[in-house]
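Okay, structure first, notes after.
There are 2 protein chains.
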Amino acid sequence: MNVFYTESDHGIQQQFYLEGQEARHAAKALRLREGDEVYATDGKGRRLKGTVTAISKQRVVASTTEIEEIPRPSPGITLAMGIIKKRDRLEFAVEKAVELGVSEIALFVSDHTIKTNVREDRLHNIVLSAVKQSLRVWLPQVNIYDALDNVLAEYNQHHKLMAHEKTTQSFQNKMRTEDELLLMVGPEGGFSDREVQLAGEAGSELVSLGKYRLRAETAAVTFLARILS
Amino acid sequence: MNVFYTESDHGIQQQFYLEGQEARHAAKALRLREGDEVYATDGKGRRLKGTVTAISKQRVVASTTEIEEIPRPSPGITLAMGIIKKRDRLEFAVEKAVELGVSEIALFVSDHTIKTNVREDRLHNIVLSAVKQSLRVWLPQVNIYDALDNVLAEYNQHHKLMAHEKTTQSFQNKMRTEDELLLMVGPEGGFSDREVQLAGEAGSELVSLGKYRLRAETAAVTFLARILS
Numbered sequence: 024m025n026v027f028y029t030e031s032d033h034g035i036q037q038q039f040y041l042e043g044q045e046a047r048h049a050a051k052a053l054r055l056r057e058g059d060e061v062y063a064t065d066g067k068g069r070r071l072k073g074t075v076t077a078i079s080k081q082r083v084v085a086s087t088t089e090i091e092e093i094p095r096p097s098p099g100i101t102l103a104m105g106i107i108k109k110r111d112r113l114e115f116a117v118e119k120a121v122e123l124g125v126s127e128i129a130l131f132v133s134d135h136t137i138k139t140n141v142r143e144d145r146l147h148n149i150v151l152s153a154v155k156q157s158l159r160v161w162l163p164q165v166n167i168y169d170a171l172d173n174v175l176a177e178y179n180q181h182h183k184l185m186a187h188e189k190t191t192q193s194f195q196n197k198m199r200t201e202d203e204l205l206l207m208v209g210p211e212g213g214f215s216d217r218e219v220q221l222a223g224e225a226g227s228e229l230v231s232l233g234k235y236r237l238r239a240e241t242a243a244v245t246f247l248a249r250i251l252s
Numbered sequence: 024m025n026v027f028y029t030e031s032d033h034g035i036q037q038q039f040y041l042e043g044q045e046a047r048h049a050a051k052a053l054r055l056r057e058g059d060e061v062y063a064t065d066g067k068g069r070r071l072k073g074t075v076t077a078i079s080k081q082r083v084v085a086s087t088t089e090i091e092e093i094p095r096p097s098p099g100i101t102l103a104m105g106i107i108k109k110r111d112r113l114e115f116a117v118e119k120a121v122e123l124g125v126s127e128i129a130l131f132v133s134d135h136t137i138k139t140n141v142r143e144d145r146l147h148n149i150v151l152s153a154v155k156q157s158l159r160v161w162l163p164q165v166n167i168y169d170a171l172d173n174v175l176a177e178y179n180q181h182h183k184l185m186a187h188e189k190t191t192q193s194f195q196n197k198m199r200t201e202d203e204l205l206l207m208v209g210p211e212g213g214f215s216d217r218e219v220q221l222a223g224e225a226g227s228e229l230v231s232l233g234k235y236r237l238r239a240e241t242a243a244v245t246f247l248a249r250i251l252s
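This is the structure in C-alpha cells:
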C-alpha cells in the first residue's frame, strides 16, 4: 500500500492535495488516474483515503472518502542524539527512530562531536519516507541544538534517561512512567563528564544498554527498541 | 584502543601473528614498531596483549604478555534473517547484530526473498570490524541457507521465536530460557504462510515486535536489542 504525505490542512474533510515529489511519484511512478483510490497521511494524526479527481505531475487532488484521526502516542518519546561524524549512520539512526515510533528527535552538538555535517533536507526526506513506510500518521520533528544544555532546557519537564557505559544500572529498573521521555545518546567517544554532570543536575538517570560497547547509532536504536515494547 | 584479529592458534600463549589487512593496518596506518604494545583477539574467546617483536606490511609478530580467556556467551543467540533486496541494509543488520552480541547469524533465502545478492566476503569483513570495534572476543559465524527449512533443521534444538506482525503475543511474555535461542526475522513482505506453519511445526512461537511496521533490518536489530537486555 502506497501512503502519501499531504500538507493539506483546511478543508481536508472534503479534499486533500499532493504536491512536489509526492505528486510526481503518484503521477509518474505509480500512474494514478482519476477515479483511483489514494491513501495519505497529514503527519498530524490523520489517515486519509480519497478518490483522485485531478492529476498532474505538480498536483494531485483527491476527494476525501475516509478520514481517521489517531491520537498522538502518549507519553511521547524524544531521542536526543549527539551528532556523529558519519552522516549515513546518523541518517540510519534517524530512520530507525521514526520506524520505532519516536515522537521527536533532537540532534545536538555534543562536547565530543567531531563534525557537524547534518543535512536537514536529507533528514526531512528520510523522516518522511520512514513515516510513510511504517504507516505512521504523526510526523516526528527533527531539531538541531548547539549543545546538550539547550536540549535539557527545551525538554526540562521530561523524564530523562542517559545511556552510559559506566553505569551498571540495568535498564529493567527504569520502567516507563506516564511522563514524556527524553532518551539521550552520546556521539563517538560518548558523553563528556560535563554533559553527564549537567544531565544529572537536570534530574537525568543513567542507564546501561548492556555489556557490549555499542556504536552511537546502535545505542540509539537499542534504547528505543527497549523502551517501545 | 585498537584491537586486532589474529588467526594464530598454536603457541598463542607465547606469541601471536597479524597477517593480511591486519598487518597492513598495523604497519602502515598505525605505524606500530618493535617494542610497541598491541592488543588482539582470536575470535575464540581470547583477549591478548603483546609486545611487537617484528613488523612488516605482511606480518606482525608479537610476544604474548597477557592472555585472557572469556567463556562463550551462554545461552547463545542466533539471528536468522530472510535475505533482503538492499545489500546495505542487510549488511547494516549484520553489523548491528554483532555489536549487540549475537552468537551466530543465519541468512536464508526466504519464500519472499527477491534477490539473493549476498557478498560473503563483505559480510566477513563487516563482522570482523564489528567484533573489533565492540571489543568482543567471539567471532560470530555467518552462514547462508537455501531455505528456512534448512535453518530450522540446523537449529532444531534451539528455543525458537519468530517475529510476526499478525500476533498480539507480547514480547514480554517470552522470557529468555536457558536454551540456545533462534530469532527469526522475515524479508520485505514478511514470512510466507508456509514458513510460519513450518516454524510452528518445529516448535516456534510467534512474537510481535510492537505496533509499528518495521523494516526487516529494524526488526532484526529490535529483536536482538530486546532479548539482549
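Residue numbers (this note's numbering), protein chains in the order written: chain A, 24 to 252; chain B, 24 to 252. Note that the Cβ used here is the ideal one computed from N, Cα and C, for glycine as well. These figures come from a predicted structure and were not determined experimentally.
Between the CA atoms of residue j and residue i - distance to the nearest angstrom
| i | j | result |
| --- | --- | --- |
| A/Val-244 | A/Leu-113 | 11 Å |
| A/His-318 | A/Leu-130 | The structure shown does not extend to residue 318 of chain A, since chain A spans only 24 to 252, so no value can be given for it. |
| A/Ala-46 | A/Glu-60 | 14 Å |
| B/Asn-196 | B/Lys-189 | Bear in mind that a pLDDT of 49 at B/Asn-196, under 50, signals an unreliable position, so the number given afterwards is only what the model happens to contain. Rounded to whole angstroms, B/Asn-196 to B/Lys-189 spans 16 Å at the Cα level. |
| B/Asp-11 | B/Asp-172 | The requested residue 11 of chain B is not part of the displayed model; chain B covers only 24 to 252. |
| B/Arg-95 | B/Val-160 | 9 Å |
| A/Leu-102 | A/Arg-249 | 13 Å |
| A/Gly-226 | A/Gln-220 | 10 Å |
| B/Tyr-40 | B/Lys-80 | 12 Å |
| A/Ala-186 | B/Val-26 | 24 Å |
| A/Gln-36 | A/Asp-65 | 12 Å |
| A/Thr-87 | A/Met-24 | 17 Å |
| B/Thr-136 | A/Ser-97 | 36 Å |
| A/Tyr-168 | A/Gln-44 | 28 Å |
| A/Ala-52 | A/Ile-78 | 13 Å |
| B/Gly-233 | A/Leu-251 | 7 Å |
| A/Ile-100 | A/Glu-203 | 6 Å |
| A/Leu-184 | A/Leu-229 | 6 Å |
| A/Gly-68 | A/Glu-218 | 35 Å |
| A/Leu-175 | A/Leu-205 | 9 Å |
| A/Glu-89 | A/Ala-120 | 29 Å |
| B/Ala-170 | A/Phe-214 | 44 Å |
| A/Arg-238 | A/Tyr-28 | 32 Å |
| B/Ile-149 | A/Ala-50 | 40 Å |
Unbroken alpha helix (DSSP H) run spanning residue i, endpoints
| i | result |
| --- | --- |
| B/Gln-14 | For chain B, the structure presents residues 24 to 252; residue 14 of chain B sits outside this window and is missing. |
| A/Gly-124 | Run containing A/Gly-124: none; DSSP gives neither H nor E here. |
| B/Leu-221 | 216-224 |
| A/Val-8 | A question about residue 8 of chain A goes unanswered here, because the residues of chain A that appear run from 24 up to 252. |
| A/Leu-151 | 143-156 |
| A/Ala-176 | 171-177 |
Endpoints, the beta strand (DSSP E) within which residue i is located
| i | result |
| --- | --- |
| A/Gln-164 | 164-168 |
| A/Thr-88 | 82-92 |
| A/Glu-60 | 60-64 |
| B/His-182 | 182-186 |
| A/Ile-137 | Neither: A/Ile-137 is in no beta strand (DSSP E) and is coded neither H nor E. |
| B/Ile-100 | 100-105 |
| A/Gly-212 | Careful: A/Gly-212 lies outside any beta strand (DSSP E) and carries neither H nor E. |
| A/Val-26 | 26-28 |
| B/Ile-78 | 69-78 |
| A/Leu-229 | 228-230 |
Closer than 9 Å to chain B by CB, residue i
| i | result |
| --- | --- |
| A/Phe-27 | no |
| A/Leu-158 | yes |
| A/Gly-124 | yes |
| A/Asn-196 | Residue confidence is low: A/Asn-196 scores 49 on pLDDT, short of 50, so the model does not pin down where it sits. Its coordinate-derived value is still stated next. It does not; no Cβ of chain B falls within 9 Å. |
| A/Asp-65 | no |
Residue i at chain A interface by Cβ criterion, 9 Å
| i | result |
| --- | --- |
| B/Arg-145 | no |
Legend entry - At least three beta-carbon pairs within less than 8 Å, the region 177-185 of chain A to the region 143-152 of chain A: no
Inset, instruction - Compile a chain-ordered list of the residues in the region 229-252 of chain B whose CB is closer than 7 Å to at least one CB of chain A. - result: Gly-233, Tyr-235, Arg-236, Leu-237, Arg-238, Thr-241, Val-244, Thr-245, Ala-248, Arg-249, Leu-251 and Ser-252
Inset, instruction - Would you check if there are 3 or more beta carbon pairs closer than 8 Å linking the region 199-209 of chain B to the region 109-124 of chain A? - result: no
Inset, instruction - Output, in sequence order along the chain, the residues in the region 90-120 of chain A whose CB is closer than 7 Å to any CB in chain B. - result: Phe-115 and Lys-119
Legend entry - Stretch pair the region 50-60 of chain A + the region 74-93 of chain A: three plus CB contacts closer than 8 Å: yes
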